[in-house]
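>
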Amino acid sequence: MLILLRHGQSQWNATNQFTGWYDCDLTPRGEAEARAGGRALADAGLLPDVVHTSLQTRAIRTAELALAEMGRAWVPVRRHWRLNERHYGDLTGSDKGETRRRYGQEQLNAWRRGYRTPPPPISDDNPWNPNGDPRYRLLPPELIPKSECLADVVQRLLPYWFDAVVPDLRAGRVVLIAAHGNSLRALAKHLDRIDDQAITELNIPTGMPLVYDIGPDMMPAEAKTTLARSLDPTAAVEAAAAVAEQAG
């Protein structure tokens with residue numbers, strides 16, 4: 447069994463800024479969303495045996511809060527940069543509404559949702575440049591992105607899926623991945639066989655678990671739309687629509 451959980455609302459979600467690899471914490475609302483996700487899983491009897499998160503605080507704290515709500519704070523947690531959010535390049539820190547006014551809705555849409563359209567590379571003088579963060583100091587420089595499109599996220603995430611997550615699933619563990627809107631979109635693209643055009647329309651709501659019954663081939667045992675895998679599909683569709691409106 448596989449559970450995907452997007453982190454609760456972050457501080458920069460609340461201020462409508464491009465966040466990407468910049469590390470910010472959850473808001474009080476985000477903390478409540480993480481706890482609610484944990485309660486929903488406990489109520490459904492879906493208790494993880496192992497957790498995978500990114501290296502970013504908002505995902506780490508979401509996992510911690512959800513696990514505490516389930517009484518599962520003791521389960522192993524593995525963290526890896528390949529589960530990080532998409533790197534938004536020089537858009538990092540920018541207000542999404544201001545970006546729309548400056549570049550136009552079409553360009554904003556291409557950067558936010560275009561599968562193969564990365565934003566401009568991050569500049570060294572961008573005050574929000576996250577690339578010098580100490581959590582990445584041991585990574586080979588060529589692996590640290592300056593900008594990413596969703597296709598890039600798929601490419602960097604799938605090795606971790608096959609090398610780290612799949613072995614847990616094959617061992618019969620219930621696996622929780624607490625990560626980000628775009629890293630989870632990348633994984634959903636693989637699992638739900640979503641084509642390059644259709645993936646541009648998928649938004650993952652914060653704090654609402656998506657549950658996959660994984661078959662022996664390490665793919666979903668039942669074909670569904672991604673949001674239909676929510677414990678409350680109607681609420682997930684409504685929340686995803688709110689995510690889509692965040693560009694202002």
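For the sequence shown, counting from 1, position 206 maps to 652 in my numbering; every step adds exactly one. For each residue, glycine too, the CB sits at the ideal point set by N, CA and C. Computed from a predicted structure; not experimentally measured.
1) What do you get for Q551, buried or exposed, if any count of 16 or more other CB atoms within 10 angstroms of its CB means buried?
2) Suppose you measure from the CA of A681 to the CA of L673; what does that come to, to the nearest Å?
3) Quick check on A667: buried or exposed, where buried means 16 or more other Cβ atoms within 10 Å of its Cβ?
4) How would you call T508, buried or exposed, if buried means at least 16 neighbouring beta carbons within 10 angstroms?
5) Please identify the residue among L448, A519, P580, R616 whose C-alpha is closest to the C-alpha of Y468.
6) In the DSSP assignment, find the beta strand (DSSP E) that holds H498 and state where it starts and stops.
7) Tell me which residue opens and which closes the alpha helix (DSSP H) that P612 is part of.
8) Thinking A505 and A688 are a contact (beta carbons under 8 Å), I'd like their distance in whole angstroms, please.
9) Helix or strand or just coil, what does DSSP make of L513?
10) Hey, would you say R631 sits closer than 8 Å to I660, going by beta carbons?
11) Using a threshold of 8 Å, state whether the C-beta atoms of D642 and Y561 are closer than that.
12) Run through the stretch 556-618 for me and flag every whole alpha helix (DSSP H) of 4 or more residues, listed as ranges in chain order.
13) DSSP three-state label for L451, please.
14) By the 10 Å Cβ neighbour count, where 16 or more other Cβ atoms means buried, how is Q601 classified, buried or exposed?
15) How close, in whole Å, do the beta carbons of G517 and Q463 come, if the pair is a contact with beta carbons under 8 Å?
16) Run the CB neighbour count on R548, radius 10 Å, all protein chains shown included, and call it buried at 16 or more, exposed below.
17) To the nearest angstrom, how far is it from the Cα of D702 to the Cα of R546?
18) Buried or exposed: A634, going by 16 or more other Cβ atoms within 10 Å of its Cβ?
19) If you follow the beta strand (DSSP E) that L656 is in, where does it begin and where does it stop?
20) Please work out which residues of its chain come closer than 7 Å, Cβ to Cβ, to D541, disregarding the five sequence neighbours upstream and downstream, and give them in chain order.
Short version:
1) exposed
2) 9 Å
3) exposed
4) buried
5) P580
6) 496-499
7) Correcting the residue type first, residue 612 is Val in the shown sequence and not Pro. Its alpha helix (DSSP H) spans residues 612-616.
8) Not confirmed; about 20 Å, so no contact.
9) helix
10) no
11) yes
12) 596-606, 612-616
13) strand
14) exposed
15) No, G517 and Q463 are not in contact; Cβ-Cβ is about 35 Å, not under 8 Å.
16) exposed
17) This structure gives no information on residue 702, because the portion of the chain shown stretches from 447 to 694.
18) buried
19) 656-658
20) N462, Q463
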